[in-house]
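Trainee: The structure that follows is given in the form of structure tokens.
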Amino acid sequence: MTSALRVRPTKAGVAKVDGESSWWISAGTIVVLALAWELVPRFLDDRTLFPTLSDTAAGLVRLVSAGYWWSDLTGTLMSVVVAWLIGCSVGLVAGIALGTVPFIRTAITPYAIAVQALPKIVLAPLFIGWLGFGPQSKIAIAVVICFFPVWIDTMVGLALPKPNEFKLMQSLNATRAQTFWKLQLPSAVPMIMVGVKHAMLLAFTGVLVAEILSASAGGLGTLTKQFSSQLNMPLTFAVVIVVVVIAVTLVSIMDVIERRVVFWSEESRSRKS
Amino acid sequence: MVMMMTKTAPLVRAEGVSKEYRGRDTQMVALSGMDLDVMDGEFLSLLGPSGCGKSTALNIMGGLLAPTSGSVMFDGKPVAGPSRDIGMMFQQAVMFPWRTTIDNVLLPVEVFGQSKKKFAAKAEELLSMVGISEFAKSYPWQLSGGMQQRAALCRVLIHSPKLLLLDEPFGALDEFTRESMNSELLRLQAHTKATAVLVTHNINEAVFMSDRIAVMTPRPGRLVGIIDVPFERPRTPELALSPEFAELALKARSMLELT
Amino acid sequence: MTAVADRVSELRADTSTWRRAVSPYVVTVLIAPVIYGVWSYITNSGMVPSILLPTPQKVFEAVPRVVGAKGFSDHVIRTVSEIVLGFGLGALVGFGLGMLLGSSIRLRTAYLPFLSALEAIPTVILAPVIIAWFGFGIEGKVFQAAIACFYAVFITTLSGLGLAEPNSVQLMRSLCASKLQIMRMLKIPAALPVIFGGLQLGATTAIIGAIVSEFVGSDAGLGYLLQRYRSGFDTPAVWVMIGIFLIFGLIAYLILWFAERKIVFWRAAAISRPDLEKQ
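If you're matching them up, the sequences are chains A, B and C in order. The first sequence runs 49 to 321 under my numbering. The second sequence runs 83 to 341 under my numbering. The third sequence runs 167 to 445 under my numbering.
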């Protein structure tokens, strides 16, 4: 009732737009873009280099019905998921080990900044040279790349509680372990989830780069490289579309998990106070 | 029940002003059928509890909100939107953190397309009148809440508006700061001879500050009466202890059906 | 990255809870020789194969060889140009499109949810496509870097324009501000902190885009050099190149850090007064 009295001018902010027109705008934009994709390449010289939407769709159909690519698809997916799991676990452990105690965290920070500044993808050729072309190098590169955001975000998350909250735990005579489990870890969960989501994208990037660079590693990246060097753009685009769909799906799943986990951690945090 | 002074034309005339909000199955009447005149140069309070429509009425007067029915005239012309002759002040100071304090005070000047240089002297004068001139080049986040509201007071006065509409501007401050800010406000209002409408839920504040009090009650939000406050100006804090003061406060309470 | 540095300054006050007599930075300095010692040990003892990590001495010896090689500075200029031009292009287009779509509340509300899903796309997958289109020259690398960083800048601009507090918009409206004035004097400054975050992320991804593109196929550049050294099994030189990339990354980080303190100065200083950092 009182909210009507906090009169906000009706045009400010976001709220007053109805969901229906949003739907029409998004759908309309997609249709326009799809039409552009279909028509614009027809006006360009080389249609083999710039496939239309229908060309790509045809390529996609050929790809899916061919079946030889399934091992590539599963190969990439497996590598991404495995690398992501390893990267997250190690990142979490390292983050907790180094990030719980403020003293250690502060001491480590300059190195964390330096390591973050390095674009870790530059290690890719090295790993391929060392581990060869198989899944080991793919996973190794992806692990190295995706481990760092999880590590750093865990450390940042563990540092989130304010001095007052630490004092509260102190006043309750909580042990360090209790402070960790009841205050630091639940506070860190949202940041950890951010790092873990980011890690998924990075693991995917790492695996794809490794596949593109090592032409016989198998996987969607390799396929892209193969098709594009044959200048078979419709098939290349088809694989790109597959990659995009997988990426969006993976992160959407992560979003759902994140919402659940963050909700739970907010609950346990409020219960503590 | 409503006293209208017909001697001079009022600065603001609200007639039958109502505001309704319609949801899909719900309907909420924020303000129903308000008739109110605000005379030139007076200090009028809109007093009432939450939900009585006082902020709604203020926003309609200021042109930020359109009434569902009824009309509002300002300075003889119908209110169709915000006006440069009306200055509004809200409970949040709303200082832009990327501007210095004095630049925040000069914000209206910039929006009106006028020269900052011409008004710089006035801005500095206002800042020193409220006592924060050494913070002119500081940023809002270096100032306390009270100091920010002082700056907001300067900002609302920089373009010398005819009408000041104030929506519980000092409500977020502590008691002591609020008292001193209210004294500042009265002093500056007298100095600039502006008309002021103050929204408040504090009976003592309303009696202390105003020439007239418009008492409002909720469900639905409406004006139930006007109290004349004939005390002399400038008003001193001792006034609050006088029996006449207490009498008026009691009258307000009974109109609000609190006793 | 800056989040870590911010938390460090907050924690300065925090260390009193755990009461230390000595500064943590003493440990920081001490770690360096430890790392060097470990590096020396694991490589000299043969625990780690030299094809992966050579001894410190070998790497230091390779530095003058790599840096002094003919045409080295050309490669540096080439890669830096790719990154700067690509970042500039992607950021400009991202900012422009974000401003265009973001100035309408209707469009912003419509696009934000479904565009957010696109943050997941690994733009490196386009590297072979871009090489097919542009060949090995600088244009392709610039394009790759631009595509890589476009999204971060675009989405932060788009969402940032909705950040202005309703109270602030109400204030501007009460001053009879036009829509353009509200955009220029309120919405854009209010969006700058978020947009800057997007620029930082975009810079990182632009660098990655340029490097990956050079790895996949290039005729010049630092990434190209690294690949060449690697296929020549010159691992010490490869590590020198990695070190150079580290230095470049740090320089980029420093530039962005200073730019942030100058352009969005209120965000950094206001972190300690969270109640006042919003307008």
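All residues carry an ideal CB built from backbone N, CA and C; glycine is no exception.
Could you have a look at residue 124 of chain B and say whether DSSP puts it in helix, strand or coil?
Mentor: Looking up residue 124 of chain B in the second sequence gives position 42. Looking at residue 124 of chain B - three-state DSSP - the assignment turns out to be coil, as it is neither helix nor strand.
Trainee: Rounded to a whole number of angstroms, what is the C-alpha to C-alpha distance between residue 270 of chain A and residue 208 of chain A?
Mentor: Reading the first sequence from its first residue, position 222 is the one you call residue 270 of chain A. Reading the first sequence from its first residue, position 160 is the one you call residue 208 of chain A. Cα to Cα, the separation comes out at about 42 Å.
Trainee: I'd like the ranges of any beta strand (DSSP E) spanning at least 3 consecutive residues and lying wholly in the stretch 155 to 198 of chain B.
Mentor: Entirely contained in the stretch 155 to 198 of chain B, the beta strand (DSSP E) runs reaching 3 residues are, in chain order, 168 to 171.
Trainee: Sort out for me which residues DSSP pairs residue 109 of chain B with in a bridge.
Mentor: By one-based count along the second sequence, residue 109 of chain B stands at place 27. Paired residues: B:104.
Trainee: By the 9 Å beta-carbon criterion, what residues does the stretch 157 to 170 of chain B contribute toward chain C?
Mentor: Answer in chain order: 163, 164, 165, 166, 168, 169 and 170.
Trainee: Can you name the residues that DSSP bridges to residue 77 of chain A?
Mentor: On the first sequence, residue 77 of chain A is found 29 positions in, with the first residue counted as 1. For residue 77 of chain A, which the question treats as bridged, DSSP gives no partner whatsoever.
Trainee: Below 8 Å on C-beta distance, what does residue 288 of chain A contact in chain C?
Mentor: Within the first sequence, residue 288 of chain A is the residue found at index 240, counting from 1. Correct list: 291, 292 and 295.
Trainee: Check distances from the C-beta atoms of the stretch 320 to 350 of chain C to those of chain B and list, in chain order, the residues that come in under 8 Å.
Mentor: Correct list: 331, 333, 334, 336, 337, 338, 339, 340, 341, 342, 343 and 347.
Trainee: Would you say residue 254 of chain B reaches chain C, if we count a Cβ-Cβ gap shorter than 8 Å as a contact?
Mentor: In the second sequence, residue 254 of chain B corresponds to position 172, counting from 1. For residue 254 of chain B, the answer is no, since every Cβ of chain C falls outside 8 Å of its Cβ.
Trainee: On the three-pair Cβ rule with 8 Å, is the stretch 105 to 114 of chain B touching the stretch 285 to 303 of chain B?
Mentor: They touch, by the three-pair rule.
Trainee: Would residue 155 of chain A pass as a contact of residue 279 of chain C if the rule is Cβ separation under 8 Å?
Mentor: Looking up residue 155 of chain A in the first sequence gives position 107. Looking up residue 279 of chain C in the third sequence gives position 113. Contact: no.
Trainee: For residue 405 of chain C, would you say it is in contact with chain B, using Cβ-to-Cβ distances shorter than 8 Å as the test?
Mentor: The residue you call residue 405 of chain C lines up with position 239 of the third sequence. It does not; no Cβ of chain B falls within 8 Å.
Trainee: In chain C, which residues lie with their C-beta within 8 Å of the C-beta of residue 167 of chain A?
Mentor: Here residue 167 of chain A refers to the residue found at position 119 of the first sequence. Near residue 167 of chain A (Cβ distances below 8 Å), the residues of chain C are 370, 373, 374, 377, 411 and 415.
Trainee: Rounding to the nearest angstrom, what Cα-Cα distance links residue 231 of chain A and residue 191 of chain A in this structure?
Mentor: Working through the first sequence from its first residue, we reach residue 231 of chain A at position 183. Working through the first sequence from its first residue, we reach residue 191 of chain A at position 143. Rounded to the nearest angstrom, the two C-alpha atoms are 29 Å apart.
Trainee: Short of 8 Å in beta carbon distance, which residues of its chain neighbour residue 119 of chain A, apart from the five on each side in sequence? Order them along the chain.
Mentor: The residue given as residue 119 of chain A occupies position 71 in the first sequence. Same-chain partners within the cutoff: 266.
Trainee: Run through DSSP, which three-state label would residue 321 of chain A get?
Mentor: For the purposes of this step, residue 321 of chain A is taken as residue 273 along the first sequence, with counting starting at 1. Legend: pLDDT at residue 321 of chain A = 43, less than 50; position of this residue unreliable, value from coordinates given subsequently. In this structure, residue 321 of chain A counts as coil in the three-state DSSP scheme.
Trainee: Cutting at 6 Å between CB atoms, please list the residues of its own chain near residue 328 of chain C, excluding the five before and the five after it.
Mentor: Residue mapping note: residue 328 of chain C aligns to position 162 of the third sequence, counting from 1. The residues are 274.
Trainee: Just curious, the beta strand (DSSP E) that residue 297 of chain B is in, first and last residue?
Mentor: Start at 1 with the first residue of the second sequence, and residue 297 of chain B comes out as number 215. Where residue 297 of chain B is concerned, the enclosing beta strand (DSSP E) stretches over 294 to 299.
Trainee: Between residue 202 of chain C and chain A, is the shortest Cβ-Cβ distance under 8 Å, so that the two count as touching?
Mentor: Working through the third sequence from its first residue, we reach residue 202 of chain C at position 36. So no, residue 202 of chain C is outside the interface.
Trainee: Taking only the alpha-carbon atoms, compute the straight-line gap between residue 284 of chain A and residue 276 of chain A and give it to the nearest angstrom.
Mentor: For the purposes of this step, residue 284 of chain A is taken as the residue at position 236 of the first sequence. For the purposes of this step, residue 276 of chain A is taken as the residue at position 228 of the first sequence. Their backbone Cα atoms lie some 6 Å apart in a straight line.
Trainee: Mind checking which residues open and close the beta strand (DSSP E) that includes residue 350 of chain C?
Mentor: The residue given as residue 350 of chain C occupies position 184 in the third sequence. No beta strand (DSSP E) contains residue 350 of chain C, which DSSP labels as neither H nor E.
Trainee: Assign residue 158 of chain B to one of two classes, buried (16 or more other C-beta atoms within 10 Å of its C-beta) or exposed (fewer than that).
Mentor: Taking the second sequence and counting its residues from 1, the one referred to as residue 158 of chain B is at position 76. Exposed, because fewer than 16 other Cβ atoms sit within 10 Å of the Cβ of residue 158 of chain B.
Trainee: Name the chain C residues that come within less than 9 Å of residue 186 of chain A, Cβ to Cβ?
Mentor: Along the first sequence, read from residue 1 onward, the residue named residue 186 of chain A stands at position 138. Those within 9 Å of residue 186 of chain A in chain C number zero; the least Cβ separation is about 13 Å.
Trainee: Take residue 406 of chain C and list the residues in its own chain whose beta-carbon comes closer than 6 Å to its own, dropping the five residues that flank it on each side.
Mentor: Taking the third sequence and counting its residues from 1, one reaches residue 406 of chain C at position 240. Taken in chain order, the residues that qualify are 228, 229 and 232.
Trainee: Kindly provide the ranges of any alpha helix (DSSP H) runs that are 4 or more residues long and lie completely inside the stretch 373 to 414 of chain C, ordered along the chain.
Mentor: Fully enclosed alpha helix (DSSP H) runs of 4 or longer: 388 to 397.
Trainee: Tell me whether residue 116 of chain B sits in a helix, a strand or coil according to DSSP, three-state version.
Mentor: Within the second sequence, the letter at position 34 stands for residue 116 of chain B. DSSP places residue 116 of chain B in strand when its eight states are reduced to three.
Trainee: Can the beta-carbon of residue 231 of chain B be found less than 8 Å from the beta-carbon of residue 252 of chain B?
Mentor: Position 149 of the second sequence holds residue 231 of chain B. Position 170 of the second sequence holds residue 252 of chain B. Yes. Within cutoff.
Trainee: Listed from N- to C-terminal order along the chain, which residues in the stretch 99 to 130 of chain A have their beta-carbon within a distance smaller than 8 Å of any beta-carbon of chain C?
Mentor: Going along the stretch 99 to 130 of chain A in chain order, one finds no residue with a Cβ nearer than 8 Å to chain C.
Trainee: For residue 331 of chain C, which of helix, strand or coil comes out of DSSP?
Mentor: The sequence position of residue 331 of chain C within the third sequence is 165, counting from 1. Here residue 331 of chain C sits in coil by DSSP.
Trainee: Spatial neighbours of residue 156 of chain B within its chain, please: C-beta separation below 6 Å, excluding the five flanking residues on both sides.
Mentor: Translated into the one-based positions of the second sequence, residue 156 of chain B becomes position 74. Correct list, in chain order: 94.
Trainee: Alpha carbons only, please: which of A:194, A:76 and A:105 is nearest the one belonging to residue 249 of chain A?
Mentor: Translated into positions along the first sequence, residue 249 of chain A becomes position 201. Checked all of A:194, A:76 and A:105; the closest Cα to residue 249 of chain A is A:194.
Trainee: Based on the DSSP secondary-structure assignment, which residues constitute the bridge partners of residue 307 of chain B?
Mentor: Along the second sequence, one-based indexing puts residue 307 of chain B at 225. Answer by DSSP bridge pairing, in chain order: B:297.
Trainee: How is the alpha helix (DSSP H) around residue 233 of chain B delimited, first residue to last?
Mentor: Here the question's residue 233 of chain B lines up with position 151 in the second sequence. Per DSSP, residue 233 of chain B belongs to the alpha helix (DSSP H) from 227 to 239.
Trainee: Interface residues of chain A around residue 359 of chain C at Cβ under 7 Å?
Mentor: Here residue 359 of chain C refers to the residue found at position 193 when the third sequence is read from its first residue. Result: empty, since nearest Cβ-Cβ is about 17 Å, beyond 7 Å.
Trainee: Is there at least one Cβ from chain C nearer than 8 Å to residue 251 of chain B's Cβ?
Mentor: What you label residue 251 of chain B is simply residue 169 of the second sequence in a count that begins at 1. No, its Cβ sits nowhere closer than 8 Å to a Cβ of chain C.
Trainee: Over the uninterrupted beta strand (DSSP E) stretch that includes residue 245 of chain B, give me the two end residues.
Mentor: For this step, residue 245 of chain B is matched to residue 163 along the second sequence. Note, residue 245 of chain B: beta strand (DSSP E), 245 to 249.
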